[in-house]
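Trainee: The following block contains the structure, expressed as structure tokens.
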Amino acid sequence: MKIGNLQLSNNLIMAPLAGITDLAFRTIVRRYGCGLCYTEMISADGLIRGHRGTLSYLRSNPGDRPLIVQVFGSDPDILAAAARMIEEMRLADAVDINMGCPVKPVVRRGAGAALMRDPEKVRHILKAARKATTLPLTVKIRAGWSPKERNALEIARIAEDEGADAIAVHPRTASQGFSGRSDWSVIAQVKMTLKIPVIGNGDVEMPGDVNAMIDSTGCDAVMVGRGALGNPWIFHNALLLRAGKGTELAKPEEKAQLIAEHLAMSVELHGEVTGVKSFRKHLFWYTRGLRGSAAFRKEAGTITGKNNVLAAVSTFFEELVRGSAEEKKALDFFGNMNISFNQTEASTRLSPEGTEER
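Using the numbering used here, the first residue of the sequence shown is number 2, and each one after it goes up by one.
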């Protein structure tokens, strides 16, 4: 799998999720086979202004590669300047322009999915960004603005014409938000039309969904979003299935160890108070569906302090493995867990200057 001159180890990609895909999370999913990660979506305006909060979302390390910075905005010159800055500061290996985010603070600024209503602006943005950087340039889009305004193919053609190296397609409309089912036929239509790589996204909840999406759409790569929350094993098992092998089940002790490591990285990245607060939502996802998890999640929602979290996790898993013989067997964390994730609530809140606060 290649995006421009960027060579990937495989075609499994972690989607950008606001408040989720920080360095700690990316480190975890890479360990389990994710071939490419995006940063959280950041404001192009905040980046070129050097806003401290914006820059903090770009923290990385040498092992956090390959990496794409996803930016949003509506001004071609500002987006071009952001792309240029990402290359000059060596912040990542590629630049992605978000044209699919449906949340109101983004859309009100004419950015994200709002751009799909203005194809000529899309053309100007991509033309300017392409001139500004030699890095691979990608775009993430939706099926369209609404069921009556489905123009993914038109926007995709513009992206290819203006030099984009790949396009990611989330086949819900902006008006759908994150509800309902995605229409994979939109991905197939874009793939049949374009020559550049097409990345499919939407409703990839289990390892088998990766094969299903590739087989039914012909897409070059699959982007996993909510299916990876509390379940980084989805990448490892999807790769096993692609190789014609069976999936491997995670044991409770492996999950407990991973939680401890993820928490430690979160604290190192954000400090103890913020790191623990930021990590608590991951506890919900890591333990969802396990015996006794409802009571544990109620406690975990207010727990503070790294050591307190570790103690609660240790107690929870010790009780879990003391359960019945059936519950002591390896647990399947790869099924459809009906994970709830409100990207609208997790998304950025924009200040009048266009910079971000979370």
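Backbone N, C-alpha and C fix where the C-beta goes; we use that ideal spot for every residue, glycine too. This one's a predicted model, so the numbers in the text were calculated from it and none came from an experiment.
Quick one, which of 5, 7 and 12 has its alpha-carbon nearest residue 221's?
Mentor: The candidate whose alpha carbon is nearest that of residue 221 is 12.
Trainee: Using the Cβ count rule (16 or more neighbours within 10 Å means buried), how would you classify residue 337?
Mentor: Because residue 337 carries a pLDDT of 43, less than 50, the predicted location of this residue cannot be relied on, and no value is offered for it.
Trainee: Using 8 Å as the threshold, is the C-beta distance between residue 165 and residue 197 below it?
Mentor: Yes, the Cβ-Cβ distance between residue 165 and residue 197 is below 8 Å.
Trainee: Decide yes or no for the touch test of the segment 278-297 against the segment 224-237: beta carbon pairs closer than 8 Å, at least 3 of them.
Mentor: The segment 278-297 vs the segment 224-237: in contact.
Trainee: Using CA coordinates, which residue listed in 210, 128 and 172 is at the minimum distance from residue 181?
Mentor: If we check each option's Cα against that of residue 181, 172 comes out closest.
Trainee: Which residues does DSSP pair with residue 3 in a beta bridge?
Mentor: Bridge partners of residue 3: 8.
Trainee: Counting only runs of 4+ residues fully inside the segment 62-91, write out the alpha helix (DSSP H) ranges in chain order.
Mentor: Entirely contained in the segment 62-91, the alpha helix (DSSP H) runs reaching 4 residues are, in chain order, 77-89.
Trainee: What separation, rounded to the nearest whole angstrom, lies between the Cα atoms of residue 19 and residue 42?
Mentor: Cα to Cα, residue 19 sits roughly 6 Å from residue 42.
Trainee: For a cutoff of 8 Å on Cβ pairs, would you count residue 122 as touching chain B?
Mentor: Absent here is chain B; the protein component of the structure consists of one chain.
Trainee: Any idea what DSSP makes of residue 99, helix, strand or coil?
Mentor: The answer is strand: DSSP assigns residue 99 an E or B state.
Trainee: So the beta strand (DSSP E) residue 212 belongs to, where does it begin and stop?
Mentor: Where residue 212 is concerned, there is no enclosing beta strand (DSSP E), although the alpha helix (DSSP H) it sits in stretches over 208-218.
Trainee: Look at the Cβ atom of residue 97, then the Cβ atom of residue 7, and state whether they are nearer than 8 Å.
Mentor: Contact: no.
Trainee: Can you name the start and end residues of the alpha helix (DSSP H) that residue 138 belongs to?
Mentor: Unbroken run through residue 138 is the beta strand (DSSP E), 138-145; no alpha helix (DSSP H).
Trainee: Note the first and the last residue of the continuous beta strand (DSSP E) segment covering residue 174.
Mentor: Its beta strand (DSSP E) spans residues 167-174.
Trainee: I'd like to know whether the C-beta atoms of residue 168 and residue 205 end up nearer to each other than 8 Å.
Mentor: No, the Cβ-Cβ distance between residue 168 and residue 205 is not below 8 Å.
Trainee: Return helix, strand or coil for residue 296, following the three-state DSSP convention.
Mentor: DSSP places residue 296 in helix when its eight states are reduced to three.
Trainee: If residue 4 and residue 135 are in contact, beta carbons under 8 Å, what's the gap, nearest whole angstrom?
Mentor: Actually they are not in contact, since the Cβ atoms of residue 4 and residue 135 sit about 13 Å apart, beyond 8 Å.
Trainee: Throw me the rounded Cβ distance for the residue 322 and residue 253 pair, which I believe falls under 8 Å.
Mentor: Yes, residue 322 and residue 253 are in contact; Cβ-Cβ is about 5 Å, under 8 Å.
Trainee: Would you say the beta carbon of residue 143 comes nearer than 7 Å to a heavy atom of the ligand PLP?
Mentor: For the structure depicted, the ligand PLP is absent and the ligand set is empty, with no information on it obtainable.
Trainee: Going by CA-CA distance only, name the one from 256, 255 and 234 that's closest to residue 247.
Mentor: It is 234 whose Cα lies nearest to the Cα of residue 247.
Trainee: Rounded to the nearest angstrom, how far is the Cβ of residue 360 from that of residue 189, given a contact under 8 Å?
Mentor: Here the chain covers residues 2 to 359 and nothing more, so residue 360 does not appear.
Trainee: In the DSSP assignment, find the unbroken beta strand (DSSP E) run with residue 42 in it and report its ends.
Mentor: It is not in any beta strand (DSSP E) - residue 42 carries neither H nor E in the DSSP assignment.
Trainee: Do residue 75 and residue 48 have their beta-carbon atoms positioned less than 8 Å apart in this structure?
Mentor: Not in contact: residue 48 and residue 75 (Cβ atoms no closer than 8 Å).
Trainee: Alpha carbon to alpha carbon, what distance is there between residue 57 and residue 28?
Mentor: About 16 Å.
Trainee: Does DSSP put residue 232 in a helix, in a strand, or in coil?
Mentor: DSSP places residue 232 in coil when its eight states are reduced to three.
Trainee: What residues are listed by DSSP as bridge partners for residue 150?
Mentor: DSSP lists 147 as partners of residue 150.
Trainee: What do you reckon, are the CB atoms on residue 209 and residue 242 nearer than 8 Å?
Mentor: Yes, they are a contact pair.
Trainee: Would you kindly check if the distance between the Cβ of residue 81 and the Cβ of residue 153 is under 8 Å?
Mentor: Cβ distance not < 8 Å, so residue 153 and residue 81 don't count as in contact.
Trainee: Ordered along the chain, which non-local residues of its own chain (more than five positions away) have a Cβ less than 6 Å from that of residue 259?
Mentor: Here the set comprises nothing.
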